[in-house]
Amino acid sequence: MKSNLQNLMGSDLPVGFFQVIHDKLIVGAQPSERDLFMLKSYGISLVVNCIPEYEQTCDEQALVSRLGMEYMCVGFDRASGITIANAEALMATLQSCANQSTFVHCQTGNRIGILVAIYHYFLLGKPEKEAISEGRLWGMRDTAAFMNIVEESRQ
Numbered sequence: 096m097k098s099n100l101q102n103l104m105g106s107d108l109p110v111g112f113f114q115v116i117h118d119k120l121i122v123g124a125q126p127s128e129r130d131l132f133m134l135k136s137y138g139i140s141l142v143v144n145c146i147p148e149y150e151q152t153c154d155e156q157a158l159v160s161r162l163g164m165e166y167m168c169v170g171f172d173r174a175s176g177i178t179i180a181n182a183e184a185l186m187a188t189l190q191s192c193a194n195q196s197t198f199v200h201c202q203t204g205n206r207i208g209i210l211v212a213i214y215h216y217f218l219l220g221k222p223e224k225e226a227i228s229e230g231r232l233w234g235m236r237d238t239a240a241f242m243n244i245v246e247e248s249r250q
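Quick note on the numbering used here: the sequence shown kicks off at 96 and runs consecutively.
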């Protein structure tokens with residue numbers, strides 16, 4: 096199925112927090128069954144779930160498989176999983192599926208956004224404000240978690 100994500104660039108998706116990052120990547124919050132149907136209709140072929148299994152409330156893998164999409168779970172704990180190593184792991188995962196139309200999500204988008212900000216600051220060497228801006232684009236709302244890691248690195 097050809098991706099329709101280019102049609103969504105710069106537009107608001109109709110449900111929850113969903114953000115088109117580029118023509119093959121959407122980031123968002125925990126999708127409902129309806130959301131997954133919608134994502135499939137836009138050409139998403141891979142769902143990457145960043146919620147650890149013990150935090151999940153449904154069998155998302157079964158639903159995604161029934162819809163004919165691929166599924167990957169790379170759960171990062173919302174407290175102890177916010178690390179530089181996990182930021183690098185998330186970006187490596189996304190790079191490995193760069194040729195597929197992908198939806199990556201956590202509970203609200205915040206966890207992914209923080210990991211992206213960490214990646215940009217620590218691994219790409221971007222200035223703090225630029226890393227925060229990128230993290231916000233990806234769903235970060237809690238800049239305190241990011242700033243705590245930055246402050247710890249300065250000590």
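For glycine and all other residues, C-beta sits at the position ideal for the given N, C-alpha and C. These figures come from a predicted structure and were not determined experimentally.
Residue i and residue j closer than 8 Å at C-beta
i	j	result
L252	I207	Outside the displayed span of the chain (96 to 250) sits residue 252, for which this structure offers no information.
F171	L219	no
P126	H200	yes
Own chain partners of residue i with C-beta closer than 8 Å, once the 5 adjacent residues on each side are dropped
i	result
H215	K221, E225, A226, E229, G230
T79	The question about residue 79 has no answer here: the residues shown for the chain are numbered 96 through 250.
L162	L131, F132, K135
C192	L141, V143, M167
Q250	none
P109	At P109, the pLDDT of 47 sits below 50, so the modelled position is not reliable; the number obtained from the coordinates is stated separately. The residues are M133.
Spatial neighbours of residue i in its chain, beta-carbon cut-off 6 Å, leaving aside the 5 residues before and after
i	result
M167	V143
R173	R206
M96	Confidence in M96 is poor, its pLDDT being 43 and thus under 50, which makes the residue's placement too unreliable to answer from.
Residues bridged to residue i [DSSP beta-bridge criterion]
i	result
V197	Per the sequence presented here, residue 197 reads as Thr, with Val not at that position. Its beta-bridge partners are L120, L141.
C168	N144
V115	I121
Sequence-distant residues of the same chain with beta carbon closer than 7 Å to residue i, five excluded per side
i	result
A240	I177, I209
F113	I121, G123
At a cut of 8 Å, does the segment 176-185 reach the segment 151-163 through at least three beta carbon pairs? Not touching, per the Cβ criterion.
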